[in-house]
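In what follows, a structure is listed as structure tokens, so that the remarks can point back to it.
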Amino acid sequence: MRAGSGKFGIVALALAAFTALTACEPIPTQPQPAPQSQQTQTIAQVRTPESAARTFVSVMRRMEPAVERECHQRRTQPINCDFQFVVDDRPNLEPNAFQTLDDTGRPVIGFTLSLIAATHNADEIAFVVGHEASHHILNHLDRKAGAATAGAVILGSLASVYGGDDSIVTTAQQIGASVGSRYYSKDWELQADYLGAIITQNAGYDPRVGARFFERLPDPGNHVLGSHPPRAARLAQVERAIEDVRSGRVR
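Note that the sequence shown covers residues -23 to -1, 1 to 228 in mature numbering (1 follows the signal peptide of the UniProt record, and there is no 0).
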């Protein structure tokens, strides 16, 4: 991990110390090409890792206060809104982002350096930051554990009712936990896309440009066992958020 200065602190963090880590799916290391508008081409092209890191630091100076402000305004549970943002600069890691809590309950949002380097502009970085922070604001970490438990109980109970022995019930519980967690996570990803777009826009970035990050990723489609929703559904959430802010329905 790379240590840094400033309140947004790109600080050193021992990832192994976190036993309960919730991560978004790794981003393919060979993303699909996507057509770019003239605006996106003008803003930035694929940059060097050093240039991307400098852009990340600049973006975080605006995004951290925006994220914490939105957290205080929108939280529905008494959660900690003092975010800590970190960068894992270990070599050969897949582009990825994660969010977890430290021992004091403080939210930690982490990004691999390879993910930062994969972004094309400040808007994409801002959108990824807003999306990850939204999972915490929406209390998805606690709810994820509950969803997995519910799935295990339901499917395990069905196996028991229909005469399954202990090994069958155990297998059903394991499958139920996986399906329950994955099923609920699709909806949570869409919720995080919506709120993340609002946070991005309120911080002065363009979530429509930021969401073009999705266009370079393989579309997972609408598979039941997939953990992420179809690309079209995610982009629709971004458009809805932009329109809701523009119309005054949300702030």
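Note that the Cβ used here is the ideal one computed from N, Cα and C, for glycine as well.
Taken through DSSP and simplified to helix, strand or coil, F60 comes out as coil. Here D100 is actually not in contact with G173; their C-beta atoms are around 12 Å apart, not less than 8 Å. According to DSSP, residue pairing for A74 in a beta bridge involves F88.
In terms of Cα proximity to G181, the closest of L92, I102, A95 and L70 is I102. Per the coordinates, the alpha-carbon of R38 lies some 26 Å from the alpha-carbon of Q54.
In the structure shown, D65 falls within a strand segment according to DSSP collapsed to helix, strand and coil. Proximity to N73 across V85, L90, T81 and H49 peaks at L90, based on C-alpha coordinates.
Residue F88 holds the alpha-carbon nearest to the alpha-carbon of R67 among F88, W165, A218 and T177. Exposure of N69 is indicated by the presence of fewer than 16 other C-beta atoms within 10 angstroms of its C-beta. Closest by C-alpha distance to V215, out of R223, N57, I175 and R226, is I175. Boundaries of the alpha helix (DSSP H) harbouring Q214: R208 to S224, taken from the DSSP string.
In the DSSP annotation of this structure, the continuous segment of the alpha helix (DSSP H) that includes R185 starts and ends at P184 to G187. Within the same chain, Cβ atoms closer than 8 Å to the Cβ of L167 are found at P206, A210, R211 and Q214, the five residues on either side in sequence being excluded. Just measuring C-alpha positions, the residue of G107, H97 and T81 sitting nearest P42 is G107. Taking all protein chains shown into account, T81 has fewer than 16 neighbouring C-beta atoms within 10 Å of its C-beta and is therefore exposed. When the five nearest sequence neighbours on each side are left out, the beta carbons in the same chain lying within less than 6 Å of the beta carbon of C48 are those of C58 and I114, in order along the chain. In terms of Cβ geometry, P84 and F104 do not form a close pair [threshold 8 Å]. If you draw a straight line from the Cα of T96 to the Cα of D221, it is about 26 Å long. The closest CA to that of R31, considering only I93, V63 and L78, is found on I93.
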